[in-house]
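The next block holds one structure in the form of structure tokens; read it before the comments.
There are 4 protein chains.
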Amino acid sequence: MIGYGFMGRAHSNAYRKVNQFFDLGYEPVLQAACARNGKKLKTFADNWGWKSYETDWRKLVARDDIDAIDISSPNNTHLDIALAAAAAGKMILCEKPLAMNAQEGKAMTDAVEKAGVANMVWFNYRRVPAIALARQIVEKGNLGKVFHYRAKYLQDWTISPKVPQGGAALWRLDIDVAGSGVTGDLLAHSIDTAIWLNGPLTSVCAMTETFIKERQLQDEPGKTKPVKIDDACAFLARFKNGSLGTFESTRYARGRKNQNTFEINGENASVCFDLEDAHRLGYFDHNDQKGLHGWRSILVTDFEHPYMDRWWVPGCVIGYEHTFINALADFLKGLESDKKLCPDFKDALETQYVCDAVLSSAKNGQWETIK
Amino acid sequence: MIGYGFMGRAHSNAYRKVNQFFDLGYEPVLQAACARNGKKLKTFADNWGWKSYETDWRKLVARDDIDAIDISSPNNTHLDIALAAAAAGKMILCEKPLAMNAQEGKAMTDAVEKAGVANMVWFNYRRVPAIALARQIVEKGNLGKVFHYRAKYLQDWTISPKVPQGGAALWRLDIDVAGSGVTGDLLAHSIDTAIWLNGPLTSVCAMTETFIKERQLQDEPGKTKPVKIDDACAFLARFKNGSLGTFESTRYARGRKNQNTFEINGENASVCFDLEDAHRLGYFDHNDQKGLHGWRSILVTDFEHPYMDRWWVPGCVIGYEHTFINALADFLKGLESDKKLCPDFKDALETQYVCDAVLSSAKNGQWETIK
Amino acid sequence: MIGYGFMGRAHSNAYRKVNQFFDLGYEPVLQAACARNGKKLKTFADNWGWKSYETDWRKLVARDDIDAIDISSPNNTHLDIALAAAAAGKMILCEKPLAMNAQEGKAMTDAVEKAGVANMVWFNYRRVPAIALARQIVEKGNLGKVFHYRAKYLQDWTISPKVPQGGAALWRLDIDVAGSGVTGDLLAHSIDTAIWLNGPLTSVCAMTETFIKERQLQDEPGKTKPVKIDDACAFLARFKNGSLGTFESTRYARGRKNQNTFEINGENASVCFDLEDAHRLGYFDHNDQKGLHGWRSILVTDFEHPYMDRWWVPGCVIGYEHTFINALADFLKGLESDKKLCPDFKDALETQYVCDAVLSSAKNGQWETIK
Amino acid sequence: MIGYGFMGRAHSNAYRKVNQFFDLGYEPVLQAACARNGKKLKTFADNWGWKSYETDWRKLVARDDIDAIDISSPNNTHLDIALAAAAAGKMILCEKPLAMNAQEGKAMTDAVEKAGVANMVWFNYRRVPAIALARQIVEKGNLGKVFHYRAKYLQDWTISPKVPQGGAALWRLDIDVAGSGVTGDLLAHSIDTAIWLNGPLTSVCAMTETFIKERQLQDEPGKTKPVKIDDACAFLARFKNGSLGTFESTRYARGRKNQNTFEINGENASVCFDLEDAHRLGYFDHNDQKGLHGWRSILVTDFEHPYMDRWWVPGCVIGYEHTFINALADFLKGLESDKKLCPDFKDALETQYVCDAVLSSAKNGQWETIK
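Protein chains in written order, with the working numbering: chain R, 25 to 395; chain E, 25 to 395; chain G, 25 to 395; chain U, 25 to 395.
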């Protein structure tokens, strides 16, 4: 695994726990962690039980005792590592977004397909039980013809002009490291979920804004640098199935900490979701008895709900970290079968194309067709 | 109509509006309003279009041009007026609670039954569409065997020791005028609803408390008087149908303005309600499809919902005042048929027996059987 | 008053009730109702106490005993009536949207300004106490710099292809009578509220869709006609204050009956609202004590809340109809002072310009600047 | 650790994870697991990484290489194991309820105090961040004088008469193993939380019910046995601080999976909580600005919230299992200091006294004073 930040912790935790909760043919071995800062890395690796560590990812990729590379480092490192890992025949688990842009993503996807290595992108929210339940509802056909898809992903942690950019923790505000702002960080999630639940998008029209034009550099106190990422982004969309989509994301929505929502309105039923209450799914069924129609708040903790038979008992929720464990379990189960791992690089590339079209549309003020 | 306070307004409004919204064989004529304070009464009567006014209720009752007496004055006046009105052969619409205690209530009930006059008690919450919908659900048998009934009625307006007692506005805090505190004022509502939805109670065990022992008199600044009403009351109950009940009421629940709630748990379904969101009914149906169970929030504004075809269109709510108009419409429709008016004095007497048992139990610390 | 439909009822009710609840210098007299169908009109007028009736609006406008004209008839009648009424020196109260398009609206606005007659447009949702409270919060400056404004207006009553178009009840689906679909009917509300709370919009980019291409004519069973209105519309917007806006409306959102929502995210605070729970306002204040931040659900029923001192007591809600009564009270109070009546034709024309730009943008796929 | 059921899993998980997330002086070693069924035990121990296992708890207690005994086995085993473990000088972590009754609990408490061994009872809900935040609010004095405490703990998993009793999984329905029904299983949680937040109870008055009188034995198909536990229990209470309490618990509340709620109403503020939305705390502050009062929904995921700085980032929730990890971290930190571990046997004994009084009151229909 490369990277020891927030995602490094989440992934390490998943590797350590997955086999206690899922019956799997494979068991991850925490062979080596990798990062540039050796001292911090050692502390991290010791804490999580990584057997060894490397400060140069190229050495990691070159090791024979390693079967899989987990790319948990910032976005601008994904391409090189993925290409090298694929060339070395390693399985790859890559954090989202797949890449800095679709061009990079395409190269990465081509590389893993050519190498024939198992690959996955950590779009962990597909593994929220309530979202997986929404997918089941869609697959059963309960919704009927879909008219509307609307999604928001709102946060509020960059409102203060004092939040710096760059460095280990705040690279998400630095265009050179992140590639984009909320589009790649947050809307990528929304788009991945949308494609999974409602199929491909065909065209988009977007606007973006950077509210704070300049921020201090975290690593060089006193120095400032223009902010080039999108602080906020909203776009209209049309889906292949004829439905209309609206998407919005920002880090300037005071009071919204991690409000990742979607709602799908179909002819016969609707579903809605909010990550801030991730254990619930809203569901409205037009086939309910006359006079008793109402939005149901499904507490997604029963044994028959996705993933929940592996955890505790009805009424006992799981949390953020479990989405990674569920994802890893799916990946490992996938290795045992011929079933396509999902979402893989190819799926994530679709999302990347949408992100690119969104950013391009925001620049030129036109509708953009999705490749 | 006797009384020009809060209830006087609500009733006057109902008399004026009912025929515009309901198709009825009868149309109320606002013949005369009555209260002791002639000056205030005149202003009130003029505002609402009452054709005349009286300052002595005995004169009102004696008038030949009046068919119905509406008792909207404080609790300690109900008995005498009702007896006189019944003796005079007038229809009677009486505010709740029926009386100061069951003894008075029994005398009133006997009087109207002997006189054979139409009678109703304004338990207006039966006419909240969502509560009426709950009744329909119960009647359809959706719940199955009932295990639990729980009710709360919480307010917070008497927390300050500066709130005085007595006078025109605050007689509800004066034991001599009100008869009791939250038990007669708020729990009477909860009990009436409970009996309507879940049948008779058979026994109760209660506790009461008076948090503020002394309050100033509103009409005599500087003078204080001990507070003798129950500021709060909670009781356990058993229903005839074998279910268990819990009831609680207070005016000391900071943040709860008018939180009148109930929940019924049956074998196959449950319902719940909160007056602070009176346009919604919660409903959980165990017969829903596996994996899609959830509490529904029914927006009770559709044409097929009780009373709502008389008002606006789906999605447009009615408010507090409409419960009185709905009640009046039911009363007037009842006059056209042989159908028992509901709730009448006899129904309200049942509630009064429960209230008395509750207060008695709170005093002696024992379970009390309901007569 | 011209028109006896849904709005005719709401307005009649307002005229009858306003003086019982508000202390006003003026009292409306229900002089005459007007509509083409004389028989239905008579029933309507009798029910509501209109003193006389006319079947030709030109005669109504010509009458000397009438000071004010209320235009509650379909959109395609607004222009002619307003021009005539202004010419006759009558005050005008006009239903929204102001007109079929901005060109008509401009003519109407010019006419009333030239004539110097009092005028108002019934954007009744400004008079929802919770929305008026939001306005107070904005005016106090609690929000700080605003980053985002998002609004939705979702309904579901036209999903069935069996819903016909045209006729007295369903003219809202007929382009020739309504001028547009959800844009004029629902988004006009959202835009009016947005301008009131967040100031003018400067540019928009929209998409619209007509999901059901053909519907039966209500008045000519068996015959169908293409549907030309917008069934759904979504648009991106930029406000003059630098904030970003997203708007969406549809009549195809299964389960949403009248979900008119908005949320404003400011630097220091946010507010949110949903018409389906119209008695509540969401409020998040960043200045709350650390660790105790949270969205407040303000129950807007206290005496200090807008309009609520005129109605019942804390905890007792008002409903849909009261927005019209509150609006009328504001209008009548406005007549007593020099204060601009609000929203008047000029305000409504601003909204109309936005609507026109939205529809135009949807057609040509470009951003449109607001005049 | 003794026991490999639901709690055995939860505790094992806690031992394995606690040191990755908390900086602690101690690190648990998973020395040995113990249960009677050797085969199942082996599978369990292997899965969780227990180094060895025993099928006789007496052998476990006798081992020198063990410092602490975790009692995760059914209630009727707590006494003997605890006495033996204390005598052997082991630290003890015991599942709740402490014992079958207060008599046993007293003996256990005396034993650990005499032995001077560290001891804790797993009342894990004290470690829900939102409940810990409620405790902070209470300690800061935000509430002022407390008037009311109300708690519910509702589930619905025993409604079907087909649910058997006894055996490894369903011993909670067998009086001989569980000691009581919802009182010891669920209300013990509610009472522990109540004492922690609102101080000691002084008297109670209860009712209980057993709705299904006979159930099949899980281990002996075809045989039935009378059900002796309390299926439901409700009680009134008085607290030492003068506030009134109401408590209710059942396993027959259709639609409530794990609805453990409480609300405290104080003079100046109120708090409320529902375990089904465990990441939120309701808070109403009377000191908020006039007109802007409202219940806040605090999303308890910020770094300044209890425990949350050890987990992920704001907006990312933790789940059921983390309450055990937090509890264990507190226990281990407690070992490093002189600070009393909390809740220890003595605290749990207080709860046990209340449970006993509740069951006794339900039997004799009288108020019972708490020892």
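Glycine included, C-beta positions come from ideal geometry on N, C-alpha and C.
All values derive from a computational prediction rather than experimental measurement.
Listed in chain order, the positions of the segment 217-238 of chain G with a beta carbon within less than 7 Å of a beta carbon of chain R are 229, 231, 233, 235.
Burial check for residue 193 of chain U: the Cβ neighbour count within 10 Å stays below 16, so the residue is exposed. Cβ proximity to chain E below 7 Å picks out 281, 282 from the segment 257-287 of chain G.
Going by C-alpha positions, residue 34 of chain U is about 16 Å away from residue 150 of chain U. By the Cβ test, the segment 319-327 of chain E is not in contact with the segment 312-323 of chain G, since fewer than three Cβ pairs between them sit closer than 8 Å. For secondary structure counted as the alpha helix (DSSP H) over 4 or more consecutive residues, the segment 338-377 of chain E holds these complete runs in sequence order: 344-360.
Under DSSP, residue 336 of chain U forms no beta bridge with any residue. At a C-beta separation below 8 Å, residue 71 of chain E has these neighbours in chain G: 43, 44. Remark: C-beta atoms of residue 379 of chain G and residue 212 of chain G approach each other more closely than 8 Å. For residue 174 of chain G, the nearest beta carbon of chain R is closer than 8 Å to its own beta carbon.
In the DSSP assignment, residue 319 of chain E forms a beta bridge with R/321. Taking a 10 Å sphere around the C-beta of residue 96 of chain G, we find 16 or more other C-beta atoms and assign the residue as buried.
A check of alpha carbon separations from residue 31 of chain E across E/207, E/117, E/309, E/107 identifies E/117 as the nearest. For residue 326 of chain E, the nearest CB of chain R lies under 8 Å from its own CB, placing it at the interface with that chain. Nearest in C-alpha terms to residue 52 of chain U, of all of U/61, U/65, U/38, is U/38.
Sequence-ordered contacts of the segment 288-322 of chain G with chain U read 304, 305, 306, 307, 308, 309, 312, 313, 314, 315, 316, 317, 318, 319, 320, 321, 322 [C-beta pairs closer than 9 Å]. A distance below 7 Å between beta-carbons, with the five flanking residues on each side excluded, links residue 275 of chain R to the following residues of its chain, in chain order: 179, 180, 181, 182, 206, 255. Around the beta carbon of residue 389 of chain R, fewer than 16 other beta carbons sit within 10 angstroms, so the residue counts as exposed.
By alpha-carbon distance to residue 358 of chain R, the top candidate from R/159, R/47, R/279, R/27 is R/47. In the three-state DSSP reduction, residue 171 of chain R falls in the strand class (E or B).
Counting the other Cβ atoms within 10 Å of the Cβ of residue 248 of chain G gives fewer than 16, which makes it exposed. Cβ neighbours of residue 228 of chain R within its own chain (closer than 6 Å, five residues either side excluded): 259, 261, 381, 382, 385, 392. In the structure shown, residue 255 of chain E falls within a coil segment according to DSSP collapsed to helix, strand and coil. Straight-line spacing of the CA atoms in residue 242 of chain R and residue 190 of chain R works out to 6 Å.
Those residues of the segment 334-354 of chain U placed with their C-beta closer than 9 Å to a C-beta in chain R are 335, 336, 337, 338, 339, 340, 341, 342, 343, 344, 345, 346, ordered along the chain. Interface residue (Cβ-Cβ distance to chain U less than 8 Å): residue 389 of chain E is classified as such.
By the neighbour-count definition (other C-beta atoms within 10 Å, threshold 16), residue 70 of chain G is an exposed residue. Contact annotation: residue 85 of chain G and residue 112 of chain G have beta-carbon atoms nearer than 8 Å. Contacts with chain U at 8 Å (Cβ-Cβ) do not include residue 253 of chain E. DSSP, reduced to helix, strand and coil, places residue 306 of chain U within a strand of the structure shown.
If you check the CB distance, residue 330 of chain E and residue 157 of chain E come in under 8 Å.
Around the Cβ of residue 217 of chain U, a 10 Å sphere holds 16 or more other Cβ atoms; the residue is buried. Look at the beta carbons and you see the segment 341-360 of chain E touching the segment 336-347 of chain G: at least three pairs across the two are nearer than 8 Å. Here residue 132 of chain G carries a helix assignment [DSSP, helix/strand/coil].
By the criterion of at least three beta-carbon pairs nearer than 8 Å, the segment 367-374 of chain R is not in contact with the segment 53-62 of chain R. By the CB criterion at 8 Å, residue 177 of chain R and residue 76 of chain R fall outside the cutoff.
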